[in-house]
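Residue numbers for the sequence shown follow my numbering, beginning at 485 and rising by one.
Step one of this worksheet: look at the structure below.
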Amino acid sequence: MFKGSMVAIATPMKQDGSVDYASLDNLVDFHLDNNTDVIIPAGTTGESATLDHDEHCAVIKRVVDRVKGRVPVIGGTGANSTWEAISLTRCAADAGVDACLLVTPYYNKPTQEGLYQHYKKIAEEVDIPQILYNVPGRTACDMMPETVGRLSKISNIVGIKEASGDMSRAPKIRELSGPDFMIVSGEDNQAMESILAGGQGVISVTANVAPRLMHEMCQAALSGDRAKAEELNAKLEDLHRVLFIESNPIPTKWSLHEMGLIPAGLRLPLTPLDSQYHAEVRAALIKAGSL
């Protein structure tokens, strides 16, 4: 259903922390011009945790309206409250997204049965394709392959963004969920190998600052051309690392500002990239051809 380089797009903000919708339009255009395959607003990189409900919906709608159907848009609508996730997913569906991406509930640490019931309820309440998102390093909640397999039997749960960092998960999920269930990497540094092993793509942080190169690398991997994929990924590997040198999206937003694409604004509790890392991040941007 969705494949390739799928950007978890940053949400531009002014110095006072307010959303800069004009810069968001420009950022969407940047991705359309550079062949990003799918755009995902209001995810972790989009600072969804600090957007209020109205801003969250407005950011998603703004992206949908700007894209105008040229590429798929997947709205980030996860929450640790099932009812809030339902509300955000309805909002995104009304805005016209092609699917929703729902992170596992964070902080309250549900059981595997709780996770099953959470996603089942959202799928029942909102008739739109839904993608699970497992990122235990951020949520303190790890969704096991067996739970993913159960959820894959629900018709509008169509895939998973797997960001546990454990490459052995994907084959097990595939075995339990069947050939049509979408498995995408949530780790840029594992994306190439994940795709070559049969994954459909990556939901990417790196694509924010190197969209064309990420698209080309993903396409090479999807076509099974390991040599070309490795050649392209070699230009990206430093970015895969330095964009997490401080908490995402701190380095990403610094990079986009350095590239002249967005203002320098972040929303507390995030703070600007420490100056000790500027040269290292800038060097990675240069290596990837982004500066």
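Yeah, the Cβ is synthetic: ideal placement off N, Cα and C, and Gly gets one too.
What did DSSP end up calling residue i once you bin it into helix, strand or coil?
| i | result |
| --- | --- |
| Asn518 | coil |
| Lys719 | helix |
| Lys645 | strand |
| Ile638 | coil |
| Ala494 | coil |
| Leu752 | coil |
| Ser565 | coil |
| Cys541 | helix |
| Val555 | coil |
| Leu586 | strand |
| Ser652 | coil |
| Ser774 | coil |
| Val610 | coil |
| Ile524 | strand |
| Ile746 | coil |
| Val668 | strand |
| Ser688 | strand |
| Ser571 | helix |
| Ser731 | coil |
| Gly662 | coil |
| Gly560 | strand |
| Gly530 | coil |
| Gly488 | strand |
| Gly621 | helix |
| Thr595 | coil |
| Asp549 | helix |
| Asp578 | helix |
| Gly633 | helix |
Return the first residue and the last residue of the beta strand (DSSP E) that residue i is part of.
| i | result |
| --- | --- |
| Tyr617 | Gln614 to Asn618 |
| Ser502 | Taken as a continuous stretch (DSSP letters only), Ser502 belongs to no beta strand (DSSP E), as it is neither H nor E. |
| Met701 | Counting along the chain, Met701 falls outside any beta strand (DSSP E), though it belongs to the alpha helix (DSSP H) covering Pro695 to Leu706. |
Please state whether the Cβ-Cβ distance between residue i and residue j is less than 7 Å.
| i | j | result |
| --- | --- | --- |
| Gly683 | Ser669 | yes |
| Val557 | Val548 | yes |
| Ile644 | Ile667 | yes |
| Met780 | Gly685 | Residue 780 cannot be examined here, being either before or after the span of the chain that is shown, 485 to 775. |
| Val612 | Ala577 | The sequence given here has Ile at residue 612, not Val. Yes, they are a contact pair. |
| His602 | Thr566 | yes |
| Glu609 | Ile638 | no |
| Val693 | Ser774 | yes |
| Val689 | Thr529 | yes |
| Val765 | Pro735 | yes |
| Gly744 | Met497 | no |
| Pro629 | Lys656 | yes |
| Thr623 | Leu586 | no |
| Glu671 | Ala647 | yes |
| Leu716 | Ala772 | no |
Pick from the options: whose alpha carbon is nearest that of residue i?
| i | options | result |
| --- | --- | --- |
| Leu511 | Leu740, Lys712 and Pro753 | Leu740 |
| Val526 | His537, Asp538, Pro496 and Gly559 | The sequence shown places Ala at residue 526, rather than the Val named in the question. Measuring from the Cα of Ala526, the nearest candidate turns out to be Gly559. |
| Leu697 | Gly501, Lys719 and Leu680 | Lys719 |
| Ala691 | Gly633, Asn673 and Val610 | Asn673 |
| Met485 | Pro733, Leu745, Leu754 and Gln614 | Gln614 |
| Pro589 | Asp626, Gly580, Leu572 and Thr573 | Asp626 |
| Ile493 | Ile524, Ala533 and Val551 | Ile524 |
| Glu597 | Ala768, Asn564, Thr631 and Thr623 | Thr631 |
| Lys712 | Glu721, Asp722 and Met701 | Met701 |
| Leu757 | Ile770, Glu742 and Lys771 | Glu742 |
| Thr520 | His699, Leu716 and Ser678 | His699 |
| Val551 | Leu680, Asp582, Gln760 and Tyr600 | Asp582 |
First and last residue of the alpha helix (DSSP H) that includes residue i?
| i | result |
| --- | --- |
| Met676 | Ala675 to Leu680 |
| Ser739 | Ile734 to Glu742 |
Open item on the list: Any contact between the region 703–711 and the region 498–511? By contact I mean 3 or more CB pairs, one from each, below 8 Å.
Closed with: no
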